[in-house]
Amino acid sequence: MSRVFAGVRPTGKLHIGNYLGAIKNFVALQEQHECIYCIVDIHALTTLEETSKLQENIRDMVLDWLAAGLDPKKSTMFVQSHVPQVTELHTLLSMVTPLSWLLRVPTFKEKAKQQPRNVNYGLVGYPVLMTSDIVLYKADKIPVGEDQLPHLELAREIVRRFNSIFGPTFPEPQPELSEAPLVLGIDGQQKMSKSLNNHIEIAATPEETKKRVMMMVTDPQRIYRHQPGRPEVCNVYRMEHFFAPRDLERVHFECTHATLGCVQNKEFLGEQINSYFAPFRQRRQEMAARPEYIDEVLAEGARRASKIAEETLREVKEKMGLMPRRS
Ligand code: AMP
Ligand code: TRP
Numbered sequence: 003m004s005r006v007f008a009g010v011r012p013t014g015k016l017h018i019g020n021y022l023g024a025i026k027n028f029v030a031l032q033e034q035h036e037c038i039y040c041i042v043d044i045h046a047l048t049t050l051e052e053t054s055k056l057q058e059n060i061r062d063m064v065l066d067w068l069a070a071g072l073d074p075k076k077s078t079m080f081v082q083s084h085v086p087q088v089t090e091l092h093t094l095l096s097m098v099t100p101l102s103w104l105l106r107v108p109t110f111k112e113k114a115k116q117q118p119r120n121v122n123y124g125l126v127g128y129p130v131l132m133t134s135d136i137v138l139y140k141a142d143k144i145p146v147g148e149d150q151l152p153h154l155e156l157a158r159e160i161v162r163r164f165n166s167i168f169g170p171t172f173p174e175p176q177p178e179l180s181e182a183p184l185v186l187g188i189d190g191q192q193k194m195s196k197s198l199n200n201h202i203e204i205a206a207t208p209e210e211t212k213k214r215v216m217m218m219v220t221d222p223q224r225i226y227r228h229q230p231g232r233p234e235v236c237n238v239y240r241m242e243h244f245f246a247p248r249d250l251e252r253v254h255f256e257c258t259h260a261t262l263g264c265v266q267n268k269e270f271l272g273e274q275i276n277s278y279f280a281p282f283r284q285r286r287q288e289m290a291a292r293p294e295y296i297d298e299v300l301a302e303g304a305r306r307a308s309k310i311a312e313e314t315l316r317e318v319k320e321k322m323g324l325m326p327r328r329s
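Everything in the sequence shown is counted per my numbering, starting at 3 for the first residue and increasing by one.
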């Protein structure tokens, strides 16, 4: 049977990119697979200069997950640093990972450019830690957005190398892309991301949501209201595929015939997003009033994850000669 594993960095509340690219898939997968979802707080340290918000961010993430429909009876949810075996495995896997593989990872090069004064050792090792997350649980199905594909490719290379030196141990992890592997931000150009401030938080108020949607870039060539627009290059139309699937034909017709203006269309999308996330926002509010429940979910998740982690780490140490083999 396949096991699902995914990690999300606790860098703030979920945005529409995270939701459509990953979390919606997390929820669907729990119906058919054993799923383990991890809040990767150690990974967050590679880029966070400010760590005072980390605890708050972790709780926000659990709230978002539960409100989005993750069920602690079906899915194991835990915080990465609560199962410290992952750091030990990270050290062990680093011994079979050539530095040259890590230096050519596109996200490393990008981050090194973004934060030239903080190119730390942890940043280079980021994909090794990510591989450790996955293989510690011997997971083979990894729901992620498109931006994570190079990391998973590297994870497979590390797994192949480990298995060829020490014998078959880990399955090769495969990506599980969602129907929206790359959601663009409100700028309509770059991937939606908190760090680019082009995101729309799913837990935002209806007013905040509308404001952000009104900032969305549409067809850049459509300057006047009477000009026909080109839905195929319009990010608002692209988002309507998810939030207003039944209106696509109408919007397409009205936009290309210049009977629907961009402002009007954005007002419509804002309303649709708000009604789509209304039940989510309601559940999130109810859940936020029960902080002890969040603690329970995370404690139970760490207990379950630790059991698997201990078993895998023991096997790895035996294979690498750090412990006598059990016969
Ligand atoms: P992060 O917040 O970067 O740790 O991302 C959490 C998950 O959301 C990962 O699986 C990402 O691949 C996915 N994700 C983040 N941003 C986007 C986006 N703009 N479009 C699609 N997926 C995304
Ligand atoms: N690198 C992932 C991201 O930035 C987060 C992550 C850490 C992850 N460990 C993982 C994703 C294991 C999938 C599997 O989104």
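Each residue gets a CB set at the ideal place from its N, CA and C atoms; glycine is no exception.
Output yes or no for whether 8 angstroms exceeds the beta carbon distance between residue i and residue j.
| i | j | result |
| --- | --- | --- |
| proline 74 | glutamate 302 | yes |
| glycine 147 | serine 96 | no |
| valine 10 | isoleucine 41 | yes |
| arginine 5 | lysine 140 | yes |
| alanine 8 | isoleucine 144 | yes |
| serine 134 | alanine 24 | no |
| valine 152 | threonine 99 | According to the sequence as given, residue 152 is proline; it is not valine. Their beta carbons are not under 8 angstroms apart, which means proline 152 does not touch threonine 99 by this criterion. |
| phenylalanine 244 | alanine 182 | yes |
| phenylalanine 28 | alanine 304 | no |
| arginine 214 | isoleucine 188 | yes |
| alanine 311 | valine 85 | yes |
| tryptophan 103 | glutamate 174 | no |
| threonine 211 | asparagine 276 | yes |
| valine 107 | leucine 156 | yes |
| methionine 322 | arginine 316 | no |
| valine 88 | isoleucine 296 | no |
| arginine 122 | threonine 207 | It is asparagine, not arginine, that sits at residue 122 in the sequence shown. Contact flag unset, no. |
| valine 185 | glycine 71 | no |
Hey, quick one: how far does the alpha helix (DSSP H) through residue i stretch, first residue to last?
| i | result |
| --- | --- |
| serine 134 | 123-138 |
| proline 145 | Where proline 145 is concerned, there is no enclosing alpha helix (DSSP H), although the beta strand (DSSP E) it sits in stretches over 143-146. |
| asparagine 59 | 56-70 |
| lysine 15 | Neither: lysine 15 is in no alpha helix (DSSP H) and is coded neither H nor E. |
| aspartate 297 | 293-321 |
| asparagine 27 | 26-31 |
Under the three-state reduction of DSSP, which class applies to residue i: helix, strand or coil?
| i | result |
| --- | --- |
| glutamine 82 | helix |
| tyrosine 278 | helix |
| histidine 228 | coil |
| histidine 259 | coil |
| cysteine 236 | coil |
| methionine 97 | coil |
| asparagine 108 | It should be noted that the sequence gives proline, not asparagine, for residue 108. Three-state DSSP puts proline 108 in a helix. |
| arginine 119 | helix |
| valine 265 | helix |
| arginine 327 | coil |
| proline 152 | helix |
| methionine 216 | helix |
| proline 247 | helix |
| threonine 48 | coil |
| threonine 53 | coil |
| methionine 3 | coil |
| glutamine 287 | helix |
| glutamine 223 | coil |
Have a look at the DSSP bridge pairing and note the partners of residue i.
| i | result |
| --- | --- |
| alanine 8 | Tyr39 |
| serine 77 | Cys37 |
Hey, quick one: how far does the beta strand (DSSP E) through residue i stretch, first residue to last?
| i | result |
| --- | --- |
| proline 177 | 176-179 |
Which whole runs of the beta strand (DSSP E) in the segment 156-210 are 3 residues long or more, in chain order?
176-179
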